[in-house]
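Undergrad: Just so we're aligned, residue 98 is where the sequence shown starts under this note's numbering, counting upward by one.
For glycine and all other residues, C-beta sits at the position ideal for the given N, C-alpha and C.
Every value quoted in this text rests on a predicted model; they were computed, and no experiment measured them.
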Amino acid sequence: MQIVFPDGAGCVRDPAELDPLRALGPVVFYDGPPPDRATLIERLRPAEAVVLDYSEMDAEVLRACERLRFVSFLGIGYNSCIDVAEATRRGVAVAYTPDYGATSVAEHALAMLLALTRHIGPAFVSAREGRWEPGKFLGMELRGKTLGLVGLGPIGTEMARLGAGLGMRLLGWTRRATSDRAKHGVVLTPLEDLFAAADVVSLHLAYTPESHGLISRALLERMKPGAWLVNTARAKLVDNEALVELLRAGRLRGAALDVHESEPPPADYVFRTLPNVLITPHIGYNTPEAASNMLRIAIATVEAFARGERLHVVNGV
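1. I need the DSSP call for G232, collapsed to helix, strand or coil.
2. Taking its Cβ as the centre, do 16 or more other Cβ atoms sit within 10 Å of F234, making it buried, or is it exposed?
3. When you compare each of E230, A294, A203 to G241 by their alpha carbons, which one comes out closest?
4. Among the residues of its own chain, which have a CB less than 6 Å from the CB of A156, if the five just before and after it don't count?
5. Assuming L334 contacts S308 (C-beta within less than 8 Å), just tell me the rounded distance between them.
6. Taking the C-alpha atoms as reference points, what is the distance between F170 and W229?
7. Going by beta-carbon coordinates alone, are R314 and D296 separated by less than 7 Å?
8. Please classify I380: does DSSP put it in a helix, a strand, or coil?
9. Restricting to runs no shorter than 4 residues, where is the alpha helix (DSSP H) found entirely within the region 181-215?
10. Between V189, P195, L239, which lies nearest to G174 when the distance is taken from Cα to Cα?
11. To the nearest angstrom, report how far apart A387 and G282 are at their CA atoms.
12. Taking the Cβ atom as the reference point for each residue, do P123 and Q99 lie within a distance shorter than 7 Å?
13. When you compare each of I396, F368, V356, Y366 to Y382 by their alpha carbons, which one comes out closest?
14. Sorted by chain position, which residues of the same chain lie with C-beta nearer than 7 Å to A397's C-beta, five sequence neighbours on each side aside?
15. So, under 8 Å CB-CB, I376 and F368 are touching, yes? Tell me the CB distance rounded to an integer number of Å.
16. What distance in whole Å lies between the Cβ atoms of N412 and Y304, which are believed to be in contact at a cut-off of 8 Å?
17. Do F102 and V148 have their CB atoms nearer than 7 Å?
18. Per DSSP, which one or two residues make a beta bridge with P103?
19. Please tell me whether G458 and L291 are closer than 7 Å, where the distance is taken between their beta carbons.
20. Take every Cβ of the region 315-334, pair it with every Cβ of the region 208-215, and state whether three or more of those distances are shorter than 8 Å.
21. How big is the Cα-Cα spacing for Y127 and E139?
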């Protein structure tokens, strides 16, 4: 079985880490993403199994991969990069690496929340440039405030634990609202009520065709004047045009975004221009601990496939 990493993988720190895959067949590891679609297809064409980072395997790309039988996506948001329906039609199993970085992403979301509500970024720039403006940066205590968690999987649940540690009141919404999801004092509530009551809304929802644009203009407009939004999940969950308008108008006090509709964003990316927005370059997952977990899980999915078994496969192939 020929295994291809068509765009490299940041979670691979040492070539020896791929030895378990080399026991299954030749491994081709490219050092970085392909410059264009034609190169991507050329890299993928010999592959029977692919370990995918962030290149887009749409229907056209999948149709060019006649030998392909298995794709393991490095991360959670496989729907952003893989046409799962086309893969299913072609008999290609698609797996992913769940739960690899819940602590890392939740801690980054908390860091962004603290930096946002205490104006760490602009205060740092002000002080570094020689100004002294302590009265300009009026923050907000989080203790006693309401944190609304959209999505209560491993990351949302870890964020709940961190929020509880700060003394925040916790509201949560999940598509699978069972009692075991209400951990760390989370009170399950309808999505509309969560947006209306929260001082901070933090998104931890998987991106699927059903969740595309779930955070609509109507929901954003239900938020309190002066509320904050944190998104470390996926940009396409949100009506970002509405978010821009509400931020510009001061209707929302601020937003922290680790995920973006295009990555890297274009030169005219509007969120770069808004003074009440904190952006980071999709780094919530980026810790050695999460990387080690991600690679371990991805290798296990390939090994299972080679044995005729299925691990973390999302399309039943």
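TA: So, to answer that:
1. helix
2. exposed
3. A294
4. D180, E183
5. 6 Å
6. 47 Å
7. no
8. coil
9. 181-186, 199-214
10. P195
11. 26 Å
12. yes
13. V356
14. L408
15. 6 Å
16. Not quite, the Cβ-Cβ distance comes to about 16 Å (not below 8 Å), so this is no contact.
17. yes
18. G105
19. What is shown of the chain runs 98 to 414, which leaves residue 458 out entirely.
20. yes
21. 12 Å
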